[in-house]
Amino acid sequence: MESHEEVVDEFQGVNFRWVLRSKKIKSSARRLGSSRRSTVSLSHARCFEVSFPKQHEKMAVESYFPHIVREARAMKEEKKTLKIFTVEPENLYGNISKVWTGVNLDHPATFDTLAMDAGHKTAILKDLARFVRRKDYYRKVGKAWKRGYLLYGPPGTGKSSLIAAMANYLNFDVYDLELTQLRENSELRKLIIATANRSILVVEDIDCTIDLQNRSAAKQNHHNPHHHPPKRQVTLSGLLNFIDGLWSSCGDERIIVFTTNHKEKLDPALMRPGRMDVHINLSYCTPCGFRILASNYLGVKDHGLFPEIEELVSRCQVTPAEVAEQLMRNDDDDEDDDDAGDPEDVLTRLIEFLKSKKDELKVESLETSKSQETQEIKKGGLSSSSDNKG
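The UniProt record's numbering applies: residue 1 is where the sequence shown begins, and numbers increase by one.
The structure is reproduced here in structure tokens:
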């Protein structure tokens, strides 16, 4: 807008007239070590002036201006460039504003491209949408405005891609919290304070990054004279306080995501509602997941080979990452390969790969059965021996 230009905005049948005002301001600065003034400079102070009928003052204050603020924030969010932040441990005892360092996050994952059953996608999207619109509800019931997710399953099942899709959907920055970089709970508190609102805080491989399981064993070792105390690190109580204790209320509109390949190793105290509210099992590829991958990588919605592939996918333990790797061969630029880029050829190779995976699974199953039989025979032999001695 130009200075003194007027714009009329209609809201609930009332016209609000906005005018851009500009005023010149003189400023001068004295040079260091000199009594003479420097050249006077001019700057412009700009502001908006809004006018409306006096009888609508209450509506303007209670409805119109909050509406303008919301719209301004929404416009700012649309222009926002997502970032992913990592910890700078050397700044934990220095400038706290620089404890996180960020780079642009340009991950292409969306819920449309995730190789996940449609029902699971819908449930996650509904949960996220419900969370972001319930600020007043959380305050009303006395809870911190946050939501905890646990993503678990074998490697290669799409945990990182789901986090990226959540960030793109919500337009939230991502903070990658590596707990092994922290020596004590006070450092964790500093990081929480420095984390922005409207963000996703990620703790990957929670079962590996910190020893949180088997607390009873830890208590027994405490009384063992030969036990060496562990090195200083974030404790379970410190982590729990960060998730749902007093320190969890130091920010608003935060998503906390934990990932693990072994859910059974986690302490039950971590997994209760209020800490990990939503548990999402990202398992092996399903027929629905395969169809999404085929559409993403081959641009194929249906094919005569799909039924055979879906049958094999259902019977063998193959991850979405493994299927995607096979489908990516569609981009093979080898000029000597006459079939390069042919979807049918790619799908045929995928069938061969899945059959080999199925055979491997059979071999592993047979070896497991033989091992169990051997152990049972040994147990039976020991039992007979002890009976004879008796």
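Built from N, CA and C at the ideal position, the CB exists for glycine as well.
Q. Secondary structure at GLY102, three-state DSSP: helix, strand or coil?
A. Residue 102 sits at position 102 when you count from the first residue of the sequence shown. It is a strand residue.
(Q) Helix, strand or coil for VAL318? Go by DSSP, reduced to three states. (A) On the sequence shown, position 318 is the one that residue 318 refers to. Three-state result, VAL318: coil.
Q | Exposure of ALA72, with buried meaning 16 or more beta-carbon neighbours within 10 Å | A | Counted from its first residue, the sequence shown places residue 72 at position 72. With fewer than 16 other Cβ atoms within 10 Å, it is exposed.
Q: If I'm right that ILE255 touches ARG183 with Cβ under 8 Å, what's the distance once you round it to whole angstroms?
A: Numbered from its first residue, the sequence shown carries residue 255 at position 255. Numbered from its first residue, the sequence shown carries residue 183 at position 183. Actually they do not touch by this definition, with Cβ atoms about 26 Å apart.
Q.
Checking 7 Å against the spacing of the C-beta atoms, do PHE111 and LYS121 come in under that value?
A. Within the sequence shown, residue 111 is the residue found at index 111, counting from 1. Within the sequence shown, residue 121 is the residue found at index 121, counting from 1. Yes, the pair counts as a contact, with Cβ atoms nearer than the cut-off.
Q. Distance, Cα to Cα, residue 399 vs ASN281?
A. Residue numbering for the chain in the displayed model covers 1 to 390; residue 399 lies beyond these limits and cannot be assessed.
(Q) So within the UniProt domain "AAA+ ATPase" (145 to 286), which uninterrupted beta strand (DSSP E) runs reach at least 3 residues, ignoring any that extend past its ends? (A) 146 to 152, 173 to 176, 199 to 203, 254 to 260 and 278 to 281
(Q) Measuring alpha carbon to alpha carbon, tell me which residue in VAL7, GLU310 and LEU293 is nearest ARG329. (A) Walking along the sequence shown from the start, residue 329 turns up at place 329. The shortest Cα separation from ARG329 among VAL7, GLU310 and LEU293 belongs to LEU293.
Q: Give the C-beta separation of CYS285 and ALA115 to the nearest angstrom, bearing in mind that I take them to be a contact with Cβ-Cβ under 8 Å.
A: Numbered from its first residue, the sequence shown carries residue 285 at position 285. Numbered from its first residue, the sequence shown carries residue 115 at position 115. With a Cβ gap of about 6 Å, CYS285 and ALA115 count as contacting.
Q: Let me know if ARG70 comes out buried or exposed under the rule of 16 or more other beta-carbons within 10 Å of its beta-carbon.
A: Here residue 70 is taken as the residue at index 70 of the sequence shown, counted from 1. Exposed: under 16 other Cβ atoms inside 10 Å.
Q.
Can you look up ARG133 in the DSSP assignment and give me helix, strand or coil?
A. Indexing the sequence shown from 1 puts residue 133 at position 133. DSSP places ARG133 in coil when its eight states are reduced to three.
**Q.** Straight-line gap, ILE163 to ARG291 (C-alpha atoms, nearest Å)
**A.** For the purposes of this step, residue 163 is taken as residue 163 along the sequence shown, with counting starting at 1. For the purposes of this step, residue 291 is taken as residue 291 along the sequence shown, with counting starting at 1. Using only the alpha carbons, I get a separation of about 21 Å.
Q) From this set, VAL318, PHE306 and SER314, which residue's C-alpha is nearest THR348's C-alpha? A) Locating residue 348 in the sequence shown gives position 348, where the first residue counts as 1. Comparing Cα-Cα distances from THR348 to each of VAL318, PHE306 and SER314, the minimum goes to PHE306.
Q) Closest to ALA47 by CA distance: which of GLU2, VAL323, ASN171 and GLY304 is it? A) Residue mapping note: residue 47 aligns to position 47 of the sequence shown, counting from 1. Correcting the residue type first, residue 47 is Cys in the shown sequence and not Ala. Nearest option by C-alpha distance: GLU2.
Q | the segment 191 to 205 / the segment 96 to 104 touching (three or more Cβ pairs under 8 Å) | A | yes
Q) In angstroms, rounded to a whole number, what distance separates the CA positions of LYS83 and VAL363? A) Residue mapping note: residue 83 aligns to position 83 of the sequence shown, counting from 1. Residue mapping note: residue 363 aligns to position 363 of the sequence shown, counting from 1. The alpha-carbon atoms of LYS83 and VAL363 are separated by roughly 45 Å.
Q.
With a threshold of 8 Å on Cβ separation, who are the neighbours of ASP173 within its own chain once the five nearest residues in sequence on each side are excluded?
A. Numbered from 1 along the sequence shown, position 173 holds the residue referred to as residue 173. Excluding positions up to five away in sequence, the list reads LEU82, LYS83, ILE84, PHE85, GLY102, LEU105, ALA167, ALA196, ARG198, SER199 and ILE200.
Q. DSSP beta-bridge partners for GLU6?
A. Stepping through the sequence shown from its first residue, residue 6 is reached at position 6. DSSP output for GLU6 lists VAL19 as bridge partner(s).
Q.
Excluding the 5 residues flanking ASP339 on each side, which residues of the same chain have their C-beta closer than 6 Å to its C-beta?
A. By one-based count along the sequence shown, residue 339 stands at place 339. Residue placement at ASP339 is poorly supported in this model, since its pLDDT is 46, which falls under 50; the coordinates still yield a value, given next. Result list for ASP339: ASP345, in chain order.
Q. Is it true that the CB of VAL87 sits closer than 7 Å to the CB of ASP233?
A. Here residue 233 corresponds to residue number 233 of the sequence shown, with the count starting at 1. Here residue 87 corresponds to residue number 87 of the sequence shown, with the count starting at 1. The residue you asked about is not Asp; residue 233 is Gln in the sequence shown. Cβ atoms of GLN233 and VAL87: not closer than 7 Å.
Q. How big is the Cα-Cα spacing for TRP18 and GLY251?
A. Translated into positions along the sequence shown, residue 18 becomes position 18. Translated into positions along the sequence shown, residue 251 becomes position 251. Cα-Cα distance, rounded: 34 Å.
Q: Taking only the alpha-carbon atoms, compute the straight-line gap between GLU352 and HIS279 and give it to the nearest angstrom.
A: Position 352 of the sequence shown, counted from the start, is the residue given in the question as residue 352. Position 279 of the sequence shown, counted from the start, is the residue given in the question as residue 279. Straight-line Cα distance between these residues: approximately 34 Å.
Q. Among residues of its own chain, excluding the 5 on either side of LEU240, which ones have a beta-carbon nearer than 8 Å to its beta-carbon?
A. Taking the first residue of the sequence shown as 1, we reach residue 240 at position 240. Once the five neighbours on either side are set aside, the close Cβ partners of LEU240 are ALA269, LEU270 and ARG275.
Q: Label PRO320 either buried or exposed according to how many other C-beta atoms from any shown protein chain fall within 10 Å of its C-beta, with 16 as the threshold for buried.
A: If you number the sequence shown from 1, residue 320 lands on position 320. It counts as buried.
Q) According to DSSP, is HIS44 helix, strand or coil? A) The residue given as residue 44 occupies position 44 in the sequence shown. Of the three classes helix, strand and coil, the one that applies to HIS44 here is strand, per DSSP.
Q. Between ARG272, ALA165 and ALA324, which lies nearest to residue 394 when the distance is taken from Cα to Cα?
A. Because the chain in this structure spans residues 1 to 390, residue 394 falls outside the shown range and cannot be described.
Q: Just tell me which of GLU204, ASN91 and LYS190 has its CA closest to the CA of SER160.
A: Counted from its first residue, the sequence shown places residue 160 at position 160. When each option's Cα is compared against that of SER160, the closest is GLU204.
**Q.** Cβ-based burial, ASN15 [other Cβ within 10 Å; buried from 16]
**A.** Numbered from its first residue, the sequence shown carries residue 15 at position 15. By the 10 Å Cβ count, ASN15 comes out exposed.
Q: Could you give the DSSP three-state label for THR110: helix, strand or coil?
A: Within the sequence shown, residue 110 is the residue found at index 110, counting from 1. THR110: coil per DSSP, three-state reduction.
Q: Name the one or two DSSP bridge partners that PHE353 has.
A: Numbered from 1 along the sequence shown, position 353 holds the residue referred to as residue 353. PHE353 is not bridged to any residue.
Q: Could you check if LEU8 is buried or exposed, using at least 16 other CB atoms within 10 Å of its CB as the buried criterion?
A: Here residue 8 is taken as the residue at index 8 of the sequence shown, counted from 1. According to the sequence displayed, residue 8 carries Val and not Leu. When all chains shown are included, VAL8 counts as exposed.
(Q) Here's the rule I'm using: 16 or more other beta-carbon atoms within 10 Å means buried, otherwise exposed. How should GLU57 be labelled? (A) Locating residue 57 in the sequence shown gives position 57, where the first residue counts as 1. Its Cβ having fewer than 16 others within 10 Å, GLU57 is exposed.
Q | Short Cβ contact (7 Å threshold) for ARG189 with TRP247 | A | The residue given as residue 189 occupies position 189 in the sequence shown. The residue given as residue 247 occupies position 247 in the sequence shown. Contact: yes.
Q. Where do the ends of the alpha helix (DSSP H) carrying PHE65 lie?
A. Residue mapping note: residue 65 aligns to position 65 of the sequence shown, counting from 1. That run of the alpha helix (DSSP H) goes 65 to 79.
Q | Bridge partners - ILE25, DSSP secondary structure assignment | A | As a first step, residue 25 is located in the sequence shown; it is residue number 25 there, counting from the start. According to DSSP, which records beta bridges pairwise, ILE25 is partnered with SER43.
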